[in-house]
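Set out below in structure tokens:
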């Protein structure tokens with residue numbers, strides 16, 4: 001461009017004009033021209049954003065240095081070609097934003113070369129050679145990853161749309177983007193035309209490239225799905241989830257918005273998957289908000305997208321780690337890149353909640369776009385307000401009538417939290433676990449009574465290619481792997497997805513009016529043919545205990561005599577038990593043969609001699625020599641004389657060391673109608689540096705069921721000073737106004753409402 | 001004192017004069033009048049010190065609020081009376097410093113009341129009713145704790161010496177301090193007249209109260225021990241340690257200084273116990289420096305006290321946690337109160353090394369005295385220099401000729417460390433483990449290949465009263481619990497302390513001249529009658545590997561055919577192995593019957609088919625859902641065809657769940673002269689939030705022993721790009737000048753010096 005003569009000048013002027021005309025529409029997907037101008041104007045004034053810009057430049061510059069790498073697809077997740085193409089989508093999207101923000105053409109050039117390379121390769125690709133997915137991709141082993149790629153690379157293409165020539169655009173659209181969009185939609189309807197997070201990625205990919213190319217047919221297909229998909233109700237995906245669900249006879253993005261969330265924003269698969277699903281929901285929604293304001297996408301279903309972001313934030317422990325219900329990899333948290341994007345978009349587009357800024361601060365980064373810029377700028381202005389977790393009940397199911405998740409949280413005087421999560425949700429599709437009425441317990445540092453989560457190391461090739469492991473099906477999903485009742489050594493719904501999806505527990509009550517006595521109660525009537533279960537969990541703040549107490553009352557009703565097993569997956573090292581037990585010294589055998597029992601080593605057996613059996617354990621004591629302060633917890637149970645008490649551990653029938661060797665305490669009882677009541681107290685601390693134990697013994701002395709009938713269950717808790725608390729539950733009437741009375745010994749115990757503790 | 005008449009006034013004047021005369025000498029133990037004046041003058045100018053002052057006031061004020069509590073002694077450690085008396089000693093010492101610094105009489109009054117209560121009680125006390133120690137105390141279950149009490153309460157008494165009346169002083173000296181000093185010295189010579197950390201506490205307690213009371217007999221007894229102790233060489237303490245050690249025929253503080261440390265400051269029991277022992281050494285030494293400057297105590301043995309403080313700091317991992325050699329509770333670190341005091345005293349009295357300030361900053365606190373004040377003030381002045389760990393060899397034994405500890409450390413380009421600790425030390429008295437030539441491996445985050453440490457939860461009453469557990473003897477001390485060779489399923493020295501104390505390994509070479517190739521080598525000739533062992537550990541920095549490689553060559557020489565077991569206690573979760581193994585699916589049995597083998601479950605058995613067997617594991621991945629980044633390590637061994645390869649786990653024959661269920665990999669070989677060579681590579685990372693594995697596979701392909709003779713051992717390491725490194729060791733000649741050559745295949749391999757890697 002150093003030459004200069006009149007004709008050339010005129011040609012350039014003309015070209016410039018043409019570019020200007022066309023350029024009016026790009027970027028318009030996630031970035032907009034106005035947004036880019038706003039950022040450019042303020043470069044250098046917001047350190048947090050400037051750091052993201054500098055880090056991103058360094059990262060992308062390093063890739064540019066390496067050069068374009070578009071290998072012929074061949075590997076599973078974890079393998080080279082998979083990881084390289086995955087890296088490409090992230091780098092290309094970043095390069096696009098860098099080009100727009102900095103104006104440096106090297107970024108546009110890098111994208112151009114990549115797109116040309118992909119377009120050259122794509123028509124030569126057969127179905128991915130692995131052929132191991134229910135919907136195999138082209139660039140990746142599954143269509144899902146192809147759709148991921150498209151969601152990100154659409155943004156890169158949008159950013160360089162005007163940089164590329166018309167011929168180049170025609171080439172990449174014809175040989176890459178359109179055939180890829182067809183592959184993940186019309187050619188794989190099982191993948192595309194479904195209500196599922198996989199399909200949301202598919203819809204978003206198709207819709208976003210449709211918006212960039214201004215292809216109304218693709219946009220409509222993204223919003224409303226395929227008209228004729230030829231799918232039937234018996235098809236399943238790799239996780240055993242059904243492709244088609246009764247009552248969900250629509251597809252496309254609006255159907256995802258209608259059916260994926262409960263009316264209050266809960267995602268039936270749980271927060272680990274919502275985090276993953278959130279990206280296509282938000283990126284496509286933002287693209288629609290920028291391009292199709294008439295759709296009012298953010299207002300859809302009373303603002304379902306905003307609600308879903310908050311459900312993601314509230315379904316975390318005090319450290320921001322997602323409750324690992326259903327299939328979840330532990331450790332995933334609100335620090336993930338998906339939640340960084342969700343928080344920034346929510347802050348920009350949903351009213352600027354200043355509590356979101358505190359999460360952005362913890363995340364330590366923002367997105368390289370207008371949302372991220374606004375977030376960083378307002379943190380810089382000092383607008384941050386600390387995020388407050390809260391007790392909350394989420395309904396499940398698109399209609400909000402398929403049970404739900406009850407979260408109770410209470411603080412001690414130092415602001416340290418006890419949090420119980422009651423799961424009475426629907427099955428959760430292919431990623432659901434058979435754990436009706438299970439609970440998990442957390443404190444400020446993390447897990448105290450754990451949900452095992454999934455048996456999987458995501459993307460670790462050596463562990464089954466990074467996919468779900470066999471033991472996920474045979475152990476992690478089974479009832480015995482959770483903190484809920486197993487009857488006759490058989491999982492809920494016999495471990496059958498179809499049966500589990502046909503039913504759900506129901507919330508009985510959820511009450512957080514009194515911050516000192518918070519309660520959640522739910523019933524499950526269908527998990528077993530001959531038995532029903534009713535569980536009530538209460539967080540009690542009382543000055544006699546340093547931390548909030550968890551009270552758990554699980555009532556089972558059956559006309560038959562059954563074997564009941566109630567596992568408690570206490571997380572840590574056993575310190576003591578106040579009953580005699582015999583540990584297996586020289587040999588171990590399994591707890592059973594099926595339904596997950598075959599994966600559990602029976603380590604010790606004890607016999608209850610009466611009520612008030614206790615176990616005490618260390619939580620958070622890192623045997624690796626960490627300096628986290630250990631906490632001492634005690635579970636006190638209402639075991640009956642003759643109950644068997646087991647200590648056991650996961651790890652049997654595990655040929656490849658896939659299971660974590662985690663401990664469990666199991667109460668076993670033979671009976672018909674029966675109640676398991678217990679209390680969990682966080683009473684002590686121990687620091688291996690000071691070596692001083694504080695309150696190493698529980699203040700609770702006993703827990704006893706002092707009345708149980710069809711109508712009422714009454715439990716008495718006694719502490720070591722002989723102070724007692726009586727919890728009465730009305731089992732069939734939740735009205736606040738109803739009056740109840742039960743004769744306990746010689747005295748009438750009277751109360752009003754569904755339950756009382758006094 | 002509200003009355004006022006002339007006579008009374010004159011009496012008071014006289015008394016005041018008397019107090020003034022006497023007051024010239026108090027405080028003079030740890031605090032001095034000049035030091036106190038210096039602190040008083042600067043209150044409010046050093047925030048870190050002011051915070052300690054405020055925190056200490058809050059803590060002591062809360063205790064004053066509760067009131068004096070001097071219960072009749074009855075409990076073991078962890079029980080109420082133990083913990084209360086222990087708390088008293090700390091609070092009284094703090095109250096003394098507060099009285100001196102603030103001048104507020106409530107602190108002196110609180111001490112006075114306590115001392116009077118103790119003095120009233122003490123003559124009524126029989127020997128502590130528990131009677132479970134080799135040297136039972138009066139206030140506590142062991143004399144050791146009585147001595148702890150005296151070391152701290154002497155300081156409190158010094159602080160209020162002038163506040164108390166002559167009558168009161170006479171009373172507490174006659175009924176409390178003198179009889180207590182006699183109890184822990186003349187009445188318990190087994191405790192007092194020994195070279196051992198217990199006795200150091202005894203000496204210091206007797207000496208410090210002697211200095212406060214200006215009792216020359218007690219001071220002499222502290223410095224030089226009891227003349228006639230009536231002890232014989234067969235007596236042992238509760239840990240199985242011998243009371244008398246051959247060649248150590250003196251006692252008292254000077255004998256402790258002479259025999260407790262190697263000439264370079266290493267403490268034979270290891271840093272966990274040195275931390276504990278340090279307090280009486282430093283407090284008594286400082287008291288002597290203040291009162292008996294003629295003794296030049298800080299110069300004694302070429303400044304042995306200063307050297308010992310540095311050995312404490314260097315024998316830690318990158319996070320400041322002590323290497324848990326011998327009996328150690330994990331998690332103990334330089335953040336302990338003992339090291340806070342040691343660092344502050346070292347900074348004040350040993351030349352003001354500014355690196356010490358960075359440790360004080362990490363500790364986040366200082367002592368409430370002149371040393372702490374000076375430390376905090378210089379941090380405030382910005383004098384801090386970052387502490388640098390370093391590769392270093394410590395000798396063991398008072399003469400420095402009883403083996404030692406070799407520490408090699410190397411960083412990767414990000415400043416992350418790999419550190420190997422080679423233990424070729426003397427037995428370590430009663431707290432020693434039978435682990436000659438063992439090693440442990442650390443990275444920046446902590447343990448990678450662990451030393452199990454002790455089986456004990458210090459002060460946790462439910463775990464055997466907080467004392468050493470049975471499994472400490474039967475498992476934690478045994479050879480199989482360590483990363484070193486076990487021959488014929490028998491621990492080193494058959495697990496006998498007397499035999500182990502009679503010998504020690506010897507350093508063969510230690511070479512850190514080249515930061516890219518650091519090496520330590522040692523030999524053990526006596527652990528087995530018919531076999532000798534020679535181990536060389538090398539940290540290799542090479543641009544082909546992201547992190548420094550550990551190379552391990554263990555050569556065993558025996559004319560007999562033996563069964564060799566080489567355990568590697570890899571810390572974390574097994575990811576993969578490149579050889580076939582059969583895991584026990586439905587039942588487990590133990591690895592053996594004795595010498596610790598009875599405590600190990602045999603989980604899986606494999607057979608080597610040749611060289612280059614590998615196992616890969618996750619380290620630092622907190623299954624509790626922590627967000628620490630996981631690291632991937634691979635061990636590559638030179639196993640021979642036919643070697644058996646076991647995966648096993650601690651926990652068998654453990655009736656009370658005392659053992660941690662930690663995993664171990666064991667190579668078993670039958671042979672005579674044999675070499676076990678291996679490489680450990682830190683190659684990968686995995687973050688559960690990004691779910692991206694970085695370098696999940698090792699770059700090492702194989703390790704092979706390509707020559708082994710009496711004179712030379714040669715090992716070849718090959719990476720996946722077929723690049724090779726050859727390590728040659730001269731087994732009998734360490735001279736730098738000596739020339740060596742070995743024929744490998746058709747070629748002569750030549751080098752100069754004890755070893756080469758090229």
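Chains as they are written, first to last, in the working numbering: chain A, 1 to 758; chain B, 1 to 758.
Every residue gets a Cβ at the ideal spot worked out from N, C-alpha and C, and that includes glycine.
- [ ] Indicate whether at least one CB of chain B lies closer than 8 Å to the CB of residue 705 of chain A.
- [x] By this cut-off, residue 705 of chain A is not an interface position.
Open item on the list: Comparing C-alpha positions only, which one of A:127, A:240, A:636, A:168 sits nearest to residue 116 of chain A?
Closed with: Of A:127, A:240, A:636, A:168, the smallest CA-CA separation from residue 116 of chain A is found for A:168.
Open item on the list: Taking 7 Å as the cut-off, is the C-beta of residue 146 of chain A nearer than that to any heavy atom in the ligand COA?
Closed with: Among the components modelled here there is no ligand, and therefore nothing to report on the ligand COA.
- [ ] Measure from the alpha carbon of residue 474 of chain B to the alpha carbon of each residue in B:103, B:30, B:615, B:327, then state which is nearest.
- [x] B:327
Open item on the list: Is there a C-beta anywhere in chain B that falls below 8 Å from the one on residue 164 of chain A?
Closed with: no
Open item on the list: Here's the rule: buried if 16 or more other CB atoms are within 10 angstroms of the residue's CB, otherwise exposed. What is residue 43 of chain B?
Closed with: exposed
Open item on the list: Is residue 573 of chain A close to chain B? Criterion is C-beta to C-beta, closer than 8 Å.
Closed with: yes
Open item on the list: Looking at chain A, is there any beta carbon in it that lies within less than 8 Å of the beta carbon of residue 626 of chain B?
Closed with: Any reading at residue 626 of chain B must be qualified, since the residue scores a pLDDT of 44, below 50, and its modelled position is unreliable; no value is offered.
TODO: Consult DSSP for residue 753 of chain A and reduce its assignment to one of helix, strand or coil.
DONE: coil
TODO: Compare the C-beta of residue 587 of chain A with all C-beta atoms of chain B and state if any pair is closer than 8 Å.
DONE: Under the Cβ criterion of 8 Å, residue 587 of chain A is counted among the residues facing chain B.
TODO: For residue 375 of chain B, go through chain A and note every residue whose CB falls closer than 8 Å to its CB, in chain order.
DONE: Per Cβ cutoff of 8 Å: no residues; residue 375 of chain B is ~19 Å from chain A at best.
Open item on the list: Run through chain A and tell me which residues come within less than 7 Å of residue 341 of chain B, C-beta to C-beta.
Closed with: Those do not exist, as residue 341 of chain B stays about 14 Å from chain A at its closest Cβ, beyond 7 Å.
- [ ] Would you list, in sequence order, the uninterrupted beta strand (DSSP E) runs of no fewer than 3 residues that lie entirely inside the segment 502–585 of chain B?
- [x] 506–514, 517–528, 531–540, 549–558, 562–568, 573–577, 581–583
Task: Contact list for residue 332 of chain A against chain B, beta-carbon separation under 8 Å - done: 688, 689, 691
TODO: Mind checking which residues open and close the beta strand (DSSP E) that includes residue 614 of chain A?
DONE: 613–619
Task: Unbroken beta strand (DSSP E) run spanning residue 714 of chain B, endpoints - done: 712–719
Task: DSSP three-state assignment for residue 587 of chain B, whether helix, strand or coil - done: strand
Task: Contact set between residue 460 of chain A and chain B, taken where Cβ atoms lie within less than 7 Å - done: 575, 686, 693, 696
Task: Residue-chain proximity (residue 30 of chain A, chain B), Cβ-Cβ < 8 Å - done: Under the Cβ distance rule, residue 30 of chain A does not count among the residues neighbouring chain B, no pair being separated by less than 8 Å.
- [ ] Measuring alpha carbon to alpha carbon, tell me which of A:419, A:435, A:420 ends up nearest residue 426 of chain A.
- [x] A:435
Task: Burial state of residue 132 of chain A (16 or more Cβ within 10 Å) - done: Counting every other CB atom within 10 Å of its CB across the protein chains shown gives residue 132 of chain A a total below 16, marking it as exposed.
Open item on the list: To the nearest angstrom, how far is the alpha carbon of residue 146 of chain B from that of residue 138 of chain B?
Closed with: 7 Å
Open item on the list: With a threshold of 8 Å, are at least 3 pairs of Cβ atoms found where one atom belongs to the segment 647–654 of chain B and the other to the segment 587–598 of chain B?
Closed with: yes
- [ ] Identify which residue in B:718, B:711, B:735, B:723 has its Cα closest to the Cα of residue 741 of chain B.
- [x] B:711
Open item on the list: In chain order, what are the residue ranges of uninterrupted beta strand (DSSP E) at least 3 long that sit wholly in the segment 46–73 of chain A?
Closed with: none
Open item on the list: Please confirm whether residue 78 of chain A has its beta-carbon closer than 8 Å to some beta-carbon of chain B.
Closed with: yes
Open item on the list: Looking at the strands, I want to know which residues DSSP matches up with residue 404 of chain A.
Closed with: Paired residues: A:395, A:424.
- [ ] Could you name the residues of the same chain whose beta carbon sits closer than 7 Å to that of residue 744 of chain A, not counting the 5 residues immediately before and after it, in chain order?
- [x] 706, 707, 714
Open item on the list: Taking only three categories from DSSP, how would you classify residue 333 of chain A?
Closed with: Correct three-state label for residue 333 of chain A: strand.
- [ ] For residue 654 of chain B, decide whether its Cβ has a neighbour in chain A, counting only Cβ atoms nearer than 8 Å.
- [x] Under the Cβ criterion of 8 Å, residue 654 of chain B is counted among the residues facing chain A.
Task: Contacts around residue 128 of chain B, its chain only, beta-carbon distance under 7 Å, and the 5 residues preceding and following it disregarded - done: Cβ within range, chain order: 73, 136, 137, 138, 140, 141.
- [ ] Determine, using beta carbons only, whether residue 387 of chain B comes closer than 8 Å to chain A.
- [x] no
TODO: Closer than 7 Å by C-beta to residue 114 of chain A: which residues in its own chain qualify, once you throw out the five before and the five after it? Chain order, please.
DONE: Taking C-beta separations shorter than 7 Å and ignoring five residues to either side along the sequence, the partners of residue 114 of chain A in its chain run 68, 70, 88, 92, following chain order.
TODO: Specify, as a first and last residue, the run of the alpha helix (DSSP H) that residue 84 of chain A falls within.
DONE: 80–102
- [ ] Could you spell out the range, first to last residue, of the alpha helix (DSSP H) harbouring residue 172 of chain B?
- [x] 166–172
TODO: Could you name the residues of the same chain whose beta carbon sits closer than 6 Å to that of residue 125 of chain A, not counting the 5 residues immediately before and after it, in chain order?
DONE: 138
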